[in-house]
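Working notes for the structure below.
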Amino acid sequence: MIDLLKQQQLTNLLPVGIYSTDTNGLITYYNEKAVEIWGRRPRLNDPLELPFCGALKLYDKNGNLLPHAACHVATALKHGTSVRNTEVCIERADGSRVAALVNIDLIPGDGSPSGAISTIYGLTQKENPHFNNRWLESIVELSEDAIISKTLDGTVTSWNKAAEKIFGYSKEEVIGRSIFLIIPPSRIAEEVEILSKIKLGEKVEHFETSRVTKDGRLIHISLSVSPVKDQNGRIVGASKISRDITEKVRMNERLAEFNRKLAALNKAKDEFIALASHELKTPTTTIKGYLQIIEEEIEKEEYKTYIKKTLRQVDKLTALISDMLDVTTLQNGNLKLNFSSFDVHQLAQECASRMRYEGKHDIEVKNNSSSPCFVNADKNRIAQVINTVLTNAIKYSPQAGKVIVNTQCGPEFATISIQDFGPGIPGDKLEQIFARFYRVNRTDFSSGLGIGLYIAREIITGHRGRIWVESVEGSGATFFIQLPIAPERIAGTGSVTE
Ligand code: ADP
Numbered sequence: 003m004i005d006l007l008k009q010q011q012l013t014n015l016l017p018v019g020i021y022s023t024d025t026n027g028l029i030t031y032y033n034e035k036a037v038e039i040w041g042r043r044p045r046l047n048d049p050l051e052l053p054f055c056g057a058l059k060l061y062d063k064n065g066n067l068l069p070h071a072a073c074h075v076a077t078a079l080k081h082g083t084s085v086r087n088t089e090v091c092i093e094r095a096d097g098s099r100v101a102a103l104v105n106i107d108l109i110p111g112d113g114s115p116s117g118a119i120s121t122i123y124g125l126t127q128k129e130n131p132h133f134n135n136r137w138l139e140s141i142v143e144l145s146e147d148a149i150i151s152k153t154l155d156g157t158v159t160s161w162n163k164a165a166e167k168i169f170g171y172s173k174e175e176v177i178g179r180s181i182f183l184i185i186p187p188s189r190i191a192e193e194v195e196i197l198s199k200i201k202l203g204e205k206v207e208h209f210e211t212s213r214v215t216k217d218g219r220l221i222h223i224s225l226s227v228s229p230v231k232d233q234n235g236r237i238v239g240a241s242k243i244s245r246d247i248t249e250k251v252r253m254n255e256r257l258a259e260f261n262r263k264l265a266a267l268n269k270a271k272d273e274f275i276a277l278a279s280h281e282l283k284t285p286t287t288t289i290k291g292y293l294q295i296i297e298e299e300i301e302k303e304e305y306k307t308y309i310k311k312t313l314r315q316v317d318k319l320t321a322l323i324s325d326m327l328d329v330t331t332l333q334n335g336n337l338k339l340n341f342s343s344f345d346v347h348q349l350a351q352e353c354a355s356r357m358r359y360e361g362k363h364d365i366e367v368k369n370n371s372s373s374p375c376f377v378n379a380d381k382n383r384i385a386q387v388i389n390t391v392l393t394n395a396i397k398y399s400p401q402a403g404k405v406i407v408n409t410q411c412g413p414e415f416a417t418i419s420i421q422d423f424g425p426g427i428p429g430d431k432l433e434q435i436f437a438r439f440y441r442v443n444r445t446d447f448s449s450g451l452g453i454g455l456y457i458a459r460e461i462i463t464g465h466r467g468r469i470w471v472e473s474v475e476g477s478g479a480t481f482f483i484q485l486p487i488a489p490e491r492i493a494g495t496g497s498v499t500e
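Each number in the numbering used here comes from the position in the sequence shown (counting from 1) with 2 added on.
Here it is, written out as structure tokens:
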């Protein structure tokens with residue numbers, strides 16, 4: 003009589019996996035070959051282990067997942083039947099898959115079976131080409147991309163469902179015929195080149211080209227082609243994956259056309275603004291000249307007031323026209339800057355005084371140092387920026403009576419800040435307000451074209467400086483204009499000349 007230990011030694015010598023389970027699916031025994039096939043060593047008699055089978059995952063011969071509770075051992079025990087030479091696929095712990103034949107017999111008990119004993123015979127690829135092909139075939143058939151294989155002379159050898167859908171030819175119509183069937187005459191040289199690359203063992207990836215369908219439509223596809231080798235490593239053909247990108251190409255073409263039209267319209271608009279502002283400039287200057295003459299000649303005080311008011315409106319008009327001309331200049335990249343060295347504290351003072359004289363707001367100018375702060379910049383253009391920001395501070399805070407201008411001189415930058423106490427600017431608009439023609443509220447109480455800050459930013463960046471705004475909605479806004487200190491003023495970089 004052979005004892006248990008010897009029995010186990012014997013089963014470990016077998017080239018097939020053997021294991022047993024009880025009626026609840028607890029694994030009660032397995033040999034070493036079973037461990038090799040499963041790729042893992044399940045715990046014996048452990049209710050926390052996967053039941054009925056030691057593999058992590060199981061599939062039937064068609065590739066459908068078999069839950070452990072519905073696997074062949076479970077059904078054999080349930081129906082009291084044995085199983086003979088049934089194909090399964092076992093997924094190992096490392097994710098690899100192995101095909102196997104299983105045989106299951108029930109272990110007799112008191113009246114009913116007490117468990118099952120199973121053998122698993124792992125199939126090598128050679129023994130089971132059919133099994134592996136079926137897996138691949140189902141993947142190929144389910145693919146949304148056309149998957150085609152061909153010989154090196156271009157004869158089609160396989161053609162999946164998606165290829166039928168995309169190109170319109172059925173398998174039967176195309177297998178054995180030349181791939182040139184779907185290649186437009188203008189692309190023949192391209193296909194010849196692809197085939198010659200394949201012969202050299204090279205791949206062609208994500209190549210965009212066009213093909214003709216059975217009903218003569220030209221479609222756009224994205225193509226990847228790889229060489230196919232036989233068992234001896236010889237290149238015997240090519241497999242292609244093609245994706246129909248006609249819709250994508252059409253969308254891109256439409257988008258490009260739309261962008262072309264948009265650019266043309268934009269250009270026409272810019273030309274119109276340039277022409278209109280240019281044409282408006284001369285009559286406005288003439289009107290201003292005549293009004294100034296009348297202002298001097300007229301005696302009656304009441305009329306003098308009217309003329310003054312008219313002159314102020316003409317100035318506003320002139321400022322608008324000059325902004326429009328600036329936009330045109332900037333669009334054409336023709337902004338010219340006349341650099342000179344000047345004190346920003348003083349410039350901020352001058353701008354504030356001029357503005358103070360015109361408006362009802364109290365403009366407080368703060369300066370944290372008594373010494374001048376020199377920058378090398380275009381003085382008129384910087385004054386224009388300060389005026390734009392100051393005008394906005396007053397214009398957009400009609401209920402507040404105060405604006406604070408502060409200048410600070412750092413080691414590398416001079417910073418002018420202009421703070422108002424108006425409604426402020428929403429957080430998501432802090433950048434947008436510097437865009438051309440952008441206004442936070444188009445139905446705003448105040449007039450404007452939405453170009454002042456755009457021009458300001460272009461001018462400041464033209465000086466390698468920075469302009470930005472910080473604001474808490476409801477508590478006002480602070481604009482910062484930062485300019486590099488004149489190089490000769492930075493300590494140790496040269497002498498000061500004025
Ligand atoms: P405009 O004042 O002509 O509309 P700007 O380019 O100078 O054009 O300003 C763009 C927009 O930024 C303004 O329409 C306004 O909505 C907003 N804005 C500018 N400055 C302020 C400010 N100090 N407070 C609140 N909103 C402002």
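Don't be surprised by glycine CBs; every beta carbon is placed ideally from N, CA and C.
query	result
Cβ neighbour criterion (16 or more within 10 Å) applied to Asp364	exposed
Euclidean distance between Cα positions of Gly496 and Ala488	Only weak support exists for where Gly496 lies, its pLDDT of 37 falling under 50; the value from the coordinates is given anyway. Computed Cα separation, rounded: 11 Å.
Tyr398 CB to nearest heavy atom of the ligand ADP below 6 Å	yes
Nearest neighbour of Ile453, chosen from Asp217, Thr390, Gln401 and Val405 [CA to CA]	Thr390
CA-to-CA distance, Ile418 to Leu349, given in whole angstroms	10 Å
DSSP-derived helix/strand/coil call for Ser116	coil
Candidates Glu34, Thr25, Ile29 and Leu28: closest to Gln9 by CA position	Glu34
Whether Glu297 touches Ile309 by CB criterion (7 Å)	yes
The region 239-251 contacting the region 271-291, beta-carbon criterion three pairs below 8 Å	no
Test: Pro489 CB closer than 7 Å to a CB of chain B	Among the chains of the structure shown, chain B does not appear; only one protein chain is present.
Alpha helix (DSSP H) segment containing Val316, residue limits	Glu303 to Gln333
Distance cut-off 6 Å: Leu332 Cβ against heavy atoms of the ligand ADP	no
C-alpha distance - Thr499 paired with Asn336, whole-angstrom precision	With a pLDDT of 33 at Thr499, under the threshold of 50, the modelled position of this residue cannot be trusted, and the question is left open.
Beta-bridge partners of Ala165, as assigned by DSSP	Bridge partners of Ala165: none, in fact.
Beta-carbon proximity of Gln421 to Ile406, cut-off 7 Å	yes
Element boundaries [alpha helix (DSSP H), containing Glu193]	Ile190 to Lys201
Whole-Å CB distance - Ile168 paired with Trp161, under 8 Å assumed	Their Cβ separation, rounded to whole angstroms, is 10 Å, which puts Ile168 and Trp161 out of contact at 8 Å.
Which listed residue (Leu50, Ile457 and Pro285) has its alpha carbon closest to that of Gly320	The question names Gly, but residue 320 in the sequence shown is Thr. Thr320 has its Cα closest to that of Pro285, out of Leu50, Ile457 and Pro285.
Cβ shell of His132 (< 6 Å), same chain only, five flanking positions each side left out	In this prediction, His132 has a pLDDT of 47, which is less than 50 and means its spatial position is unreliable; what the coordinates show is noted afterwards. Contacts found: none.
The region 31-46 touching the region 104-115, judged by at least three CB pairs closer than 8 Å	no
Any non-hydrogen atom of the ligand ADP within 6 Å of Ile275 CB	no
Helix, strand or coil at Asn105 [DSSP, three-state]	strand
Per DSSP, the bridge partner or partners of Tyr61	Leu67 and Cys91
Cβ-Cβ separation, Leu485 to Gly467 (assumed contact under 8 Å), whole Å	4 Å
Same chain only: Cβ atoms within 6 Å of Pro425, ignoring 5 sequence neighbours per side	none
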